[in-house]
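Single-structure report; data block below.
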């Protein structure tokens, strides 16, 4: 089965920027946000001509392309879906005239099925689902963060329980520069998680190429 990794964080904390060092020849990018990518030369690296890019939030089309990647494009090793929130929001708006509880069940079911389907893909694929976070208050009255979803049903389904890896993007502003990192473990206030020994430290560089290598070394290493 494929490895599903969640990349969660607030806007502007380096989630998409973390793609900058991935190899375009072995990466496919779903631009569900339909916005420019924040690193130099992205339009020449990810485009229709290279057959490694599509701007869509249509979950059926995403599933169809994933199936093709799984069955026919063995050279693709990394897939990025950026962001899950645009997929949810666009579907919600497309069905805004539909009344009743069914539209929320359809939305929840589609996203849940996408996560389940990703897990069924070939084992040498690493799929990154990028998404925003939301603040909420836990039972103990403390503020926390989690995956932002459209509708309470998706929250109850606990999408995050379907993956072993959830990394949180973070940024620290210095006097002359800003440091962008990924948090690899729960800090008591978010849902970050990864198996012990995959990454070196609580905070790592926000570089998906290095993250992918670390996961492959852990999953397939002796």
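Residue numbers (this note's numbering): 100 to 321. The C-beta atom is built at its ideal place from N, Cα and C for all residues, glycine as well.
Close-in-space but distant-in-sequence residues of the same chain around residue 234 (CB under 8 Å, 5 per side omitted): Against the chain shown, residue 234 aligns to sequence position 135. Excluding its 5 nearest sequence neighbours in each direction, residue 234 has C-beta neighbours in its own chain below 8 Å: 242, 243, 244, listed in chain order.
DSSP-derived helix/strand/coil call for residue 108: Taking the first residue of the chain shown as position 1, residue 108 is located at position 9. It is coil, neither helix nor strand.
Point to revise | Every unbroken alpha helix (DSSP H) within the segment 186-257, with a cutoff of 4 residues, ordered by chain | key: 201-218, 251-256
Where does residue 160 sit, in a helix, a strand or coil, going by DSSP? As a working mapping, residue 160 is identified with position 61 in the chain shown. Helix.
Looking at the secondary structure, which residues open and close the alpha helix (DSSP H) in which residue 278 lies? The count along the chain shown starts at 1 and reaches residue 278 at position 179. Looking at the DSSP string, residue 278 is not in any alpha helix (DSSP H); the run it does join, the beta strand (DSSP E), is 277-282.
> Which residues in the same chain have their Cβ closer than 6 Å to the Cβ of residue 278, if we skip the five residues on either side of it in sequence?
Replying inline: Sequence index remark: in the chain shown, residue 278 carries index 179 (1-based). Hits under 6 Å: 271.
Exercise for the section: Identify, in the order they occur along the chain, each residue of the same chain with its Cβ nearer than 8 Å to the Cβ of residue 174, setting aside the five sequence neighbours on each side. Expected result: Indexing the chain shown from 1 puts residue 174 at position 75. So the list reads 124, 125, once near-sequence residues are dropped.
| message | I'd like to confirm the pairing. Which residues does DSSP put opposite residue 74 in its beta bridges? | response | Nothing about residue 74 can be reported from this structure: the residues present for the chain run from 100 to 321 only.
- Compute the Euclidean distance between the alpha carbons of residue 221 and residue 100, then round it to the nearest angstrom. Counted from its first residue, the chain shown places residue 221 at position 122. Counted from its first residue, the chain shown places residue 100 at position 1. In a straight line, the C-alpha of residue 221 is about 5 Å away from that of residue 100.
Nearest-angstrom Cα separation, counted from residue 121 out to residue 115: One-based indexing of the chain shown puts residue 115 at position 16. One-based indexing of the chain shown puts residue 121 at position 22. Cα to Cα, the separation comes out at about 11 Å.
Practice prompt. Could you tell me how far apart the beta carbons of residue 182 and residue 229 are, in whole angstroms, since I believe they sit closer than 8 Å?
Written response: On the chain shown, residue 182 is found 83 positions in, with the first residue counted as 1. On the chain shown, residue 229 is found 130 positions in, with the first residue counted as 1. Residue 182 to residue 229, Cβ: 5 Å. Contact.
- Going by other Cβ atoms of all chains shown within 10 Å of its Cβ, with 16 needed for buried, is residue 249 buried or exposed? Residue numbering aside, residue 249 sits at position 150 when the chain shown is read from its first letter. The residue is buried, with at least 16 neighbouring Cβ atoms inside 10 Å.
What residue from 160, 155, 110, 158 has the CA that sits closest to residue 137's CA?
-> Numbered from 1 along the chain shown, position 38 holds the residue referred to as residue 137. With distances taken between Cα atoms, residue 137 lies closest to 110.
Have a look at 252, 166, 210, 171 and flag the residue whose alpha-carbon is nearest the alpha-carbon of residue 187.
Here residue 187 is taken as the residue at index 88 of the chain shown, counted from 1. Of 252, 166, 210, 171, the residue nearest in Cα terms is 210.
Legend entry - Any 3 or more C-beta pairs closer than 8 Å across the segment 252-269 and the segment 291-311: yes
* Residue burial classification, residue 113 (beta-carbon count within 10 angstroms, cutoff 16) -> Numbered from 1 along the chain shown, position 14 holds the residue referred to as residue 113. That one is buried.
* For residue 259, name the three-state secondary structure that DSSP assigns. => Within the chain shown, residue 259 is the residue found at index 160, counting from 1. Residue 259 falls in the helix class under three-state DSSP.
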